[in-house]
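K.L.:
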Amino acid sequence: MKWTLLAAPLLFSSSVMAAQLDAIRSCHEKPLPAPRAPETELIVAIDQTTPLSPSLKQMVADNVKAYLQPGHAFSIAVFSAYTQGRYTEVLASGRIEAALPKAVRDDISKPVLNKFEQCLGRQPAQAMQVAGTALRSAFAESSGSIAKSDVLASLKAVSALAAESRAPQKIVLIVSDMLENSSVGNFYAEQGKSVRKIDAGKELRSVEDNKLLGNFGGAKVYVIGAGLLSVDAANAKSYRDPKTMQALAEFWSAYMQKSHAELVEFGQPALLRPMRQ
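Mapping of the sequence shown onto mature numbering (1 follows the signal peptide of the UniProt record, and there is no 0): residues -18 to -1, 1 to 259, in sequence order.
1) Check Ala109 in the structure and name its three-state DSSP category.
2) Between the region 22 to 29 and the region 148 to 155, are three or more C-beta pairs nearer than 8 Å?
3) Given this structure, state the Cα-to-Cα distance separating Ser241 from Glu190, to the nearest angstrom.
4) Under three-state DSSP, which class holds Asp44?
5) Going by DSSP, what residue range makes up the beta strand (DSSP E) through Arg178?
6) Determine the burial state of Asp159: buried for a count of at least 16 other Cβ atoms within 10 Å of its Cβ, exposed for fewer.
7) Taking just the CA atoms, how far does Phe121 sit from Ile58?
8) By Cβ distance, which residues of its chain are closer than 8 Å to Ala16, with the 5 residues on each side in sequence left out?
9) Taking only the alpha-carbon atoms, compute the straight-line gap between Ala215 and Ser35 and give it to the nearest angstrom.
10) In terms of residues, what are the limits of the alpha helix (DSSP H) holding Phe233?
11) Taking Cβ to Cβ, would you say residue 266 is nearer than 8 Å to Val133?
12) Taking CB distances under 8 Å as the criterion, tell me whether Lys202 reaches chain D.
13) Identify, in the order they occur along the chain, each residue of the same chain with its Cβ nearer than 8 Å to the Cβ of Asp4, setting aside the five sequence neighbours on each side.
14) Residue range of the beta strand (DSSP E) that Leu137 falls in?
15) Looking only at its chain, what residues have a beta carbon closer than 7 Å to the beta carbon of Asn192, apart from the 5 residues adjacent to it on each side?
16) Kindly indicate which three-state DSSP category Leu102 falls into: helix, strand or coil?
17) Let's test the definition: count the other Cβ atoms within 10 Å of the Cβ of Gly196 and tell me whether it reaches 16, buried, or not, exposed.
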């Protein structure tokens, strides 16, 4: 069944939504053992300077949904331009706990085990509700009119979430045009109407000089929205030169490598296949 979280009414906007951190109540009450660390953690970072089409929003939602399963944790963050008060912020996080190993189950009374399993059964739906609210909030506050875009500084901040994760597998989904527009660099041309063909090596040296490399802790990174411009919606003839987009992809691939991550797919703007688990 398709996850229609984007069709649901917006419950909160990001300007008033209280952060829902560790939003899913643990099922591991006494006398049960403490929960194990998650096997996989998904971190979603949404650039609010990049408005998406309904189909791209649904692509984000579908890829997030695939990771909301037992043994996984998730965080959903937003970022924008520091100069306009839209700071990097985690809107929601949670963990869906895994079933107990058989050796542990055999030592637990049936009533306690039944209560535990009923609790586990509710966690995926709770995760979908929390993640859905956060995604709708993030998308509702996105705007193409924000003048600046601190992608590099924001991703350095987001990388700390991955570096601190105890999960052996870390996945980062970046929803952004990946076009820096700050004092460090400007990836736009023609006053924001097109993408500038950058010199990937030169831009990377500037990143290093400004100490803007991150540490993603070995995460695998996917991007949705690369190269999107705010003028696209009104200009059906908008065109991306392949060489320009190749240079942009080369820069971000090198950036991720130096930031202890692997850029698996650079969606221009859509992913060609779902994120791998």
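Ideal placement from N, C-alpha and C gives every residue a C-beta, glycine not left out. Since the structure is predicted, the reported quantities are computational estimates derived from the model, not experimental observations.
P.N.:
In short, the structure shows the following:
1) Stepping through the sequence shown from its first residue, residue 109 is reached at position 127. Ala109: helix per DSSP, three-state reduction.
2) yes
3) Taking the first residue of the sequence shown as position 1, residue 241 is located at position 259. Taking the first residue of the sequence shown as position 1, residue 190 is located at position 208. Spanning the two alpha carbons is a distance of roughly 10 Å.
4) Your numbering for residue 44 matches position 62 in the sequence shown. Residue state, collapsed to three classes: helix.
5) What you label residue 178 is simply residue 196 of the sequence shown in a count that begins at 1. That residue, Arg178, is in no beta strand (DSSP E); it is neither H nor E in DSSP.
6) The count along the sequence shown starts at 1 and reaches residue 159 at position 177. Buried, since its Cβ has 16 or more Cβ neighbours within 10 Å.
7) Against the sequence shown, residue 58 aligns to sequence position 76. Against the sequence shown, residue 121 aligns to sequence position 139. Going by the C-alpha atoms only, they are around 12 Å apart.
8) On the sequence shown, position 34 is the one that residue 16 refers to. The answer, listed in chain order, is His10.
9) For the purposes of this step, residue 215 is identified with residue 233 of the sequence shown, where counting begins at 1. For the purposes of this step, residue 35 is identified with residue 53 of the sequence shown, where counting begins at 1. Bear in mind that the predicted position of Ala215 carries a pLDDT of just 48, short of 50, making it unreliable; the figure below should be weighed with that in mind. For Ala215 and Ser35, the distance between alpha carbons rounds to 8 Å.
10) Locating residue 233 in the sequence shown gives position 251, counting from the first residue. That run of the alpha helix (DSSP H) goes Pro224 to Lys240.
11) For residue 266 there is no data in the structure shown, the boundaries of the chain being -18 and 259.
12) No chain D is present in this structure, which holds just one protein chain.
13) One-based indexing of the sequence shown puts residue 4 at position 22. Ser75, Gly76 and Arg77.
14) Working through the sequence shown from its first residue, we reach residue 137 at position 155. From DSSP, Leu137 is part of no beta strand (DSSP E) but of the alpha helix (DSSP H) over Val133 to Glu146.
15) Translated into positions along the sequence shown, residue 192 becomes position 210. So the qualifying residues of the chain are Val166.
16) Within the sequence shown, residue 102 is the residue found at index 120, counting from 1. DSSP places Leu102 in helix when its eight states are reduced to three.
17) The residue labelled residue 196 in the question sits at position 214 within the sequence shown. Per the 10 Å Cβ criterion, buried.
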